[in-house]
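These notes are about the structure you will find just below.
Protein chains: 2
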Amino acid sequence: LNTLFPFTGKAHLIGVTGASGTGKSSLVNQLARHYRQPRQAETPPRVAIVAVDPTSPFTGGAILGDRIRMRDLAGDPGVFIRSMATRGSLGGLAAATAAVVQVLDAAGFEVILIETVGAGQSEVDIARLAHTTIVVEAPGLGDDIQAIKAGILEIADVLVVNKADLPGVENTERALRGSLSLGHPLPQRMLHHGRMETLPGQPDAKPDQQEWVPPILRTVALDGTGIPELVDAITKHQAYLKQSGGWKQRERERLQAELELLMQRTLLDSWRSRLTAGVYEMVLEQLVARQISPYQAVERLVSF
Amino acid sequence: LNTLFPFTGKAHLIGVTGASGTGKSSLVNQLARHYRQPRQAETPPRVAIVAVDPTSPFTGGAILGDRIRMRDLAGDPGVFIRSMATRGSLGGLAAATAAVVQVLDAAGFEVILIETVGAGQSEVDIARLAHTTIVVEAPGLGDDIQAIKAGILEIADVLVVNKADLPGVENTERALRGSLSLGHPLPQRMLHHGRMETLPGQPDAKPDQQEWVPPILRTVALDGTGIPELVDAITKHQAYLKQSGGWKQRERERLQAELELLMQRTLLDSWRSRLTAGVYEMVLEQLVARQISPYQAVERLVSF
Numbered sequence: 269l270n271t272l273f274p275f276t277g278k279a280h281l282i283g284v285t286g287a288s289g290t291g292k293s294s295l296v297n298q299l300a301r302h303y304r305q306p307r308q309a310e311t312p313p314r315v316a317i318v319a320v321d322p323t324s325p326f327t328g329g330a331i332l333g334d335r336i337r338m339r340d341l342a343g344d345p346g347v348f349i350r351s352m353a354t355r356g357s358l359g360g361l362a363a364a365t366a367a368v369v370q371v372l373d374a375a376g377f378e379v380i381l382i383e384t385v386g387a388g389q390s391e392v393d394i395a396r397l398a399h400t401t402i403v404v405e406a407p408g409l410g411d412d413i414q415a416i417k418a419g420i421l422e423i424a425d426v427l428v429v430n431k432a433d434l435p436g437v438e439n440t441e442r443a444l445r446g447s448l449s450l451g452h453p454l455p456q457r458m459l460h461h462g463r464m465e466t467l468p469g470q471p472d473a474k475p476d477q478q479e480w481v482p483p484i485l486r487t488v489a490l491d492g493t494g495i496p497e498l499v500d501a502i503t504k505h506q507a508y509l510k511q512s513g514g515w516k517q518r519e520r521e522r523l524q525a526e527l528e529l530l531m532q533r534t535l536l537d538s539w540r541s542r543l544t545a546g547v548y549e550m551v552l553e554q555l556v557a558r559q560i561s562p563y564q565a566v567e568r569l570v571s572f
Numbered sequence: 269l270n271t272l273f274p275f276t277g278k279a280h281l282i283g284v285t286g287a288s289g290t291g292k293s294s295l296v297n298q299l300a301r302h303y304r305q306p307r308q309a310e311t312p313p314r315v316a317i318v319a320v321d322p323t324s325p326f327t328g329g330a331i332l333g334d335r336i337r338m339r340d341l342a343g344d345p346g347v348f349i350r351s352m353a354t355r356g357s358l359g360g361l362a363a364a365t366a367a368v369v370q371v372l373d374a375a376g377f378e379v380i381l382i383e384t385v386g387a388g389q390s391e392v393d394i395a396r397l398a399h400t401t402i403v404v405e406a407p408g409l410g411d412d413i414q415a416i417k418a419g420i421l422e423i424a425d426v427l428v429v430n431k432a433d434l435p436g437v438e439n440t441e442r443a444l445r446g447s448l449s450l451g452h453p454l455p456q457r458m459l460h461h462g463r464m465e466t467l468p469g470q471p472d473a474k475p476d477q478q479e480w481v482p483p484i485l486r487t488v489a490l491d492g493t494g495i496p497e498l499v500d501a502i503t504k505h506q507a508y509l510k511q512s513g514g515w516k517q518r519e520r521e522r523l524q525a526e527l528e529l530l531m532q533r534t535l536l537d538s539w540r541s542r543l544t545a546g547v548y549e550m551v552l553e554q555l556v557a558r559q560i561s562p563y564q565a566v567e568r569l570v571s572f
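Note that the protein sequences, when read in sequence, are chains A and B. Numbers given in our numbering equal positions in the first sequence, counted from 1, plus 268. Numbers given in our numbering equal positions in the second sequence, counted from 1, plus 268.
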């Protein structure tokens, strides 16, 4: 990875996140297919899919998902697919994903789709690895209060209501729009919302004075409806980032997040290796017997 | 927390986890209400609900959920509700949840329901804080491959198909049953599956020779259907754990998980405080310029 690292930084890293049932795997497959379609004189970009499944901490169930995928995209040597399941260690999956993305970036994949299942903290950490983050919703999911999702929406650059052929699509879109304004409470943002929505990335926009407002798009991944528009929004976001200086800022944030994840693991590993055999067990026994609190246990362990 | 810790260890910690849209908040409310119903001569247990929402890393959207909750359980002084949203730090939420649970345990709440949104790594970490973990599903969610959830099912002690009045309940139950056997690949487990399912916790069972097989229950949280049966299964699981020695084992695992979470944070904080101002920024600049890799950056930072 040290040798490869200078060759990274060329790929567009696109995170795709959303709850189970939003159909985001199909959406990612469609995106990959669309990117790979030959058009005009351009060579289509090589596309990598990194499918991260933190819900499978023990059995590594991602393998099955891979097979389904393969069927859709098989035979195209310009598409590489890699599934990753967590090994149960906190932060370990995000660090491993970062490493895989670096290898693919150095290997010349221009588009890297990082797909994450669910919308928990680990997904947010993985989303921080991307330049452009797509949050996928679908109608009919969740009687949980929509506004609760404001947090995940704050990391969204593009919002997608997939399965837009199902009833309730207007409700989902309205809820997203509501949460979006909750998640961006700055008054000037609210004010500019309507006007700015179609501007970013267009030639007449002044990107350094403007803020990107996440567009809300409808797709039907199963038949490909809305996929060209989604790819267009992704491309616009990339152009916006590059024009506004946001690309460099994201790169910096990305690398910083990666560094901190790695730092955390390194510190824990280094502490573990310094620990004398038996000390940990002794302190754990005292803790289990409730002679000392977890905080006191940490104090004792750190002092060794 | 050090002073309170010796008074902990009395509460039954019940984790309730499941994806958005499974109606697990309503389920938790119903469980609390059922526990609080006076029956025979017994005083009903005091119940605490700790609702953890790792999907809201920035805005702390949990407050809204709280209000809805209050309406259901308001006026009962034997019920305490606390919502927690992540502050964005990896592992921080699980550590904070553990601390809150300790305070409630020491304060004499006999039943503590720990509710987590979603099913990612952070939810698994929080589930590790519980004695009994309930995984909630609902019909009609997810065209993602069901088997992928085998990982989360491995932490389940009780499985609930909520919204069991909706069509597709049989499919969901079948998928769960399939995933459950995938998640427990030991041949003797498979062999005993049918026979053992109803045995654990019953007087004639020999718990130390037996393994708990997670029952699959149907509920309709909105009207309370299946709630008494669910409480019964939770109670049986507690009895099973106590008879089989599993309770002590869980306590140990719980406390160990808590210790490691805390250790991780302490190590990171301590490293940060040792770091000279400017060093971190310098190394980050080198990383952003791709002069060094993230691994080399960590090496440099550790050496300071």
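A virtual CB, placed ideally from N, CA and C, is assigned to each residue, including glycine. Since the model is a prediction, treat every value here as computed from it, not as a measurement.
Contact of B/Trp515 with chain A is not assigned, every C-beta pair being separated by 7 Å or more.
For B/Thr365 against B/Leu397, the beta-carbon gap comes to about 6 Å, under 8 Å, which counts as contact. Among the residues of the stretch 429 to 446 of chain A, none has a Cβ less than 7 Å away from any Cβ of chain B. The stretch 495 to 572 of chain A contains, as complete alpha helix (DSSP H) runs of 4+ residues, the segments 495 to 512, 514 to 542, 547 to 556, 562 to 571 (chain order).
Between A/Asn430 and A/Ala501, the C-beta gap is not smaller than 7 Å, which leaves the two residues out of contact. The C-beta separation of A/Ile380 from A/Ile282 comes to about 7 Å, placing the pair in contact by the 8 Å criterion. The beta carbons of A/Tyr563 and B/Asn270 sit closer together than 7 Å. Between the beta-carbon of A/Ile402 and that of A/Val371 there is about 23 Å, and that puts the pair past the 8 Å contact cut. Taking 7 Å as the cut-off, the beta carbon of B/Arg314 is found no closer than this to the beta carbon of B/Gly277. Distance from the CA atom of B/Gly514 to the CA atom of B/Arg522, rounded to whole angstroms, is 12 Å. B/Glu422 and A/Leu509 have their C-alpha atoms some 42 Å from each other. Contact annotation for B/Ala364 against chain A: no contact, minimum CB-CB distance about 12 Å [criterion: below 8 Å].
The C-alpha of B/Val318 is placed about 15 Å away from the C-alpha of B/Ala374. Separation of A/Asp491 and A/Ala507 (C-alpha to C-alpha, rounded to the nearest whole angstrom) is 28 Å. For B/Lys292, the number of other beta carbons within 10 angstroms of its own is at least 16, and it is reported as buried. B/Pro274 and A/Gln511 have their C-alpha atoms some 59 Å from each other. DSSP places B/Ala364 in the helix class (H, G or I) of the three-state scheme. Minimum Cα-Cα distance from B/Leu299 among the listed residues B/Ala362, B/Glu479, B/Thr503 corresponds to B/Thr503. Closest option to B/Ile495, judged by alpha-carbon separation, among B/Ala342, B/Val404, B/Tyr548: B/Val404. Collapsing the DSSP output to three states places A/Thr440 in a helix.
Exclusion of the five residues before and after A/Thr493 leaves Ala432, Asp433, Arg486, Thr487 as the residues of its chain whose Cβ lies within less than 8 Å of its Cβ. With a threshold of 7 Å between beta carbons, B/Glu553 makes no contact with chain A. By the neighbour-count definition (other C-beta atoms within 10 Å, threshold 16), B/Val284 is a buried residue. If you check the CB distance, B/Gln532 and A/Leu536 come in under 7 Å. Between the C-alpha atoms of B/Glu553 and A/Phe348 there is a straight-line separation of about 31 Å. Neighbours of B/Gly494 in chain A, taken as residues at a C-beta separation under 8 Å, are lacking, since the least C-beta distance is about 18 Å.
With fewer than 16 neighbouring CB atoms inside 10 Å of its own CB, B/Met550 falls in the exposed class. With respect to the 7 Å criterion, B/Val556 and A/Arg520 are classified as neighbours on the basis of their beta carbons.
Counting along the chain, B/Leu427 sits inside the beta strand (DSSP E) bounded by residues 426 to 429. A/Arg307: not part of any alpha helix (DSSP H); DSSP gives it neither H nor E. Contact check for B/Gly376 against B/Gly408 fails: the beta carbons are separated by 7 Å or more.
With fewer than 16 other CB atoms across the displayed protein chains lying within 10 angstroms of its CB, B/Ala545 is exposed.
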